[in-house]
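Heads up, the thing below is written out as structure tokens.
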Amino acid sequence: MATSANWPRLESDILSCMPPKVEERIFSGELLARVQALYPDQAPGRDTVIRALDRMCDEGLVGKEGRSRDKKWWRTAKKAVSGMARRPPLELAIALLTLQRHAPNHLPSHVISQLEDYFAGAARVLQESPVDPALATARAWAAKTVRIDAGYPLRSPPIREDILNAIRRALYATQVLSVCYRNSRLDSEQPAEFKVVPLALVERGPVLYLVASRERSDGGFRRYQLRLDRFVSATCTDVAGRADPDFDLDAYVRHNQFFSFFPEAPVRVELRVREDSEIKNLFREQKLADDQEIVEEEGGFRLTATVIPSIEFRNLLMERAARVEILSPAHLRREIAGNLRQACLAYADALGTLDALDAQ
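Have a look at this one:
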């Protein structure tokens with residue numbers, strides 16, 4: 040909110056002198072008298088107060104009607120922007136703009152809307168002086184950091200803003216969420232309608248998931264992992280929800296690895312990793328598990344670790360099959376071998392061409 044040098048809280052004081060109810064009118068003369076009474080030693084003049092009111096009117100904080108002393112003023116429903124929001128410190132401005140770039144899916148929608156003035160103020164601070172070296176350094180920070188996924192850069196599927204906002208509202212307030220959801224099964228084209236209580240939002244690569252629960256008749260809870268791009272609709276109801284009391288997000292994601300999809304009981308695996316170039320294998324620096332052990336051997340190394348087999352782990356082995364061979368457990372070795380056999384059959388024509396070229 041703009042301020043006067045002699046009366047730095049003038050606009051706030053004006054609002055405090057207005058009727059508290061939105062759109063309740065007050066005459067200019069009465070409002071002026073109330074404001075000047077707040078400053079018995081050095082009261083602002085009529086023109087100063089009117090100029091402040093006009094600025095507030097331009098900002099949409101107050102409304103007016105009439106002329107001269109018959110003019111009436113009233114407060115609007117719009118909230119005044121704080122001085123901190125108008126011009127945050129430089130360090131806070133950098134943090135706010137970083138938050139705006141990287142975490143919009145991790146904040147409730149009403150919090151994001153209340154931060155818009157702060158985001159605008161932060162952007163304004165960084166653009167204040169094109170020649171100030173401190174501001175130039177701060178502006179450059181946005182182009183010096185980026186977050187990318189570890190795998191191939193797939194494009195994020197689109198999510199409707201109204202659906203995301205409804206989910207965030209229900210998650211924030213622990214309200215029942217009424218959803219219409221299209222399953223990934225090929226034989227289920229008709230969307231299903233049901234009610235759940237949101238537990239968490241999880242951003243996994245390019246896809247955003249809702250973890251939700253529904254209470255069963257026996258008092259237990261069934262959990263769901265719902266992709267937001269598969270929602271047909273979502274409505275945050277007025278019904279208070281009862282969340283699964285045993286749900287722990289960190290355990291669900293990191294320890295139980297449910298987002299690895301169809302996790303199984305932990306097993307000890309042994310891999311042979313071939314290194315036939317000067318580049319070290321990824322598994323030397325990024326471990327499969329805390330108990331990982333490496334034994335050097337000619338042409339590479341053997342690796343043992345306790346892992347949770349899952350679709351994601353199998354995909355990792357398939358992705359690196361040209362250099363990584365699974366030695367045990369035997370059932371997982373047979374499964375990967377079967378998948379590789381299917382791949383070879385699919386590329387049989389290309390393999391034949393390669394064999395012919397090798398024979399020449």
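Residues in the sequence shown are numbered from 40 upward in steps of one, following the working numbering.
Each residue gets a CB set at the ideal place from its N, CA and C atoms; glycine is no exception.
Item	Value
Simplified DSSP assignment, three categories, for Ala382	helix
Asn29 to Ala142 span [Cα, whole Å]	Missing from the structure shown is residue 29; the chain here goes from 40 to 399 and no further.
Ordered list of beta strand (DSSP E) runs contained in the region 302-361, each at least 3 residues	306-313, 332-336 and 339-346
Limits of the beta strand (DSSP E) - the one that Val363 falls within	Val363 to Ser367
Backbone secondary structure at Glu50 - three-state DSSP	helix
Unbroken beta strand (DSSP E) run spanning Ser217, endpoints	Gln214 to Tyr220
Residue environment, Tyr248, which counts as buried when at least 16 other CB atoms sit within 10 Å	buried
Residue span of the beta strand (DSSP E) that contains Val271, given as start and end	Phe270 to Ala279
Helix, strand or coil at Arg106 according to DSSP, with G and I counted as helix	coil
Same chain, Cβ closer than 7 Å to Trp180, neighbours up to 5 away in sequence not counted	Ile133
Contact set for Tyr291: own chain, Cβ-Cβ below 6 Å, skip 5 residues either direction	Phe297
Where the beta strand (DSSP E) through Val246 begins and ends	Val246 to Glu254
Environment of Gln166 [buried if 16+ CB atoms lie within 10 Å]	exposed
Pairwise C-alpha distance: Pro83 and Ile198	52 Å
Supposed contact pair Asp188 and Gly122 - C-beta distance, whole angstroms, cut 8 Å	Between Asp188 and Gly122 the Cβ distance is about 39 Å, and since that is not below 8 Å, they are no contact.
Opposing strand residues paired with Pro237 [DSSP bridges]	Ala251
Endpoints, alpha helix (DSSP H) assigned at Gln75	Ser67 to Ala76
Secondary structure of Leu265, DSSP reduced to three states	strand
Cβ separation of Phe300 and Ser223, assumed to be a contact under 8 Å, to the nearest whole Å	Between Ser223 and Phe300 the Cβ distance is about 11 Å, and since that is not below 8 Å, they are no contact.
Enclosing alpha helix (DSSP H) for Arg293 [first to last residue]	Element bounds for Arg293: n/a, residue is neither H nor E.
Burial state of Ser168, where buried means 16 or more other Cβ atoms lie within 10 Å	exposed
Reduced DSSP secondary structure (H/G/I, E/B, other) of Ala231	strand
DSSP three-state assignment for Phe260, whether helix, strand or coil	strand
Per-residue burial, Pro128 [other beta carbons within 10 Å of its own, 16 or more giving buried]	exposed
For Val185, the three-state DSSP class (helix, strand or coil)	coil
Distance CB(Val101)-CB(Met95) smaller than 8 Å	yes
Residues that DSSP places opposite Lys111 in a beta bridge	Phe66 and Glu104
Own chain, CB closer than 7 Å to Val235, minus 5 neighbours either side, in chain order	Leu216, Val218, Ala251, Ser252, Arg253 and Tyr263
Beta carbon of Val271 nearer than 8 Å to that of Tyr211	no
Neighbourhood of Leu77 by C-beta, 6 Å cutoff - its chain only, sequence neighbours within 5 removed	Asp52
CA nearest to the CA of Asp277, picked from Asp257, Leu238 and Arg208	Arg208
DSSP beta-bridge partners of Arg243	Val246
Three-state class that DSSP yields for Ser299 in the structure shown	helix
Nearest-angstrom Cβ-Cβ length linking Pro305 and Val346, presumed shorter than 8 Å	7 Å
Endpoints, the alpha helix (DSSP H) within which Glu36 is located	Any question about residue 36 goes unanswered here, given that the chain covers just 40 to 399.
Residue range of the alpha helix (DSSP H) that includes Met123	Gly122 to Arg125
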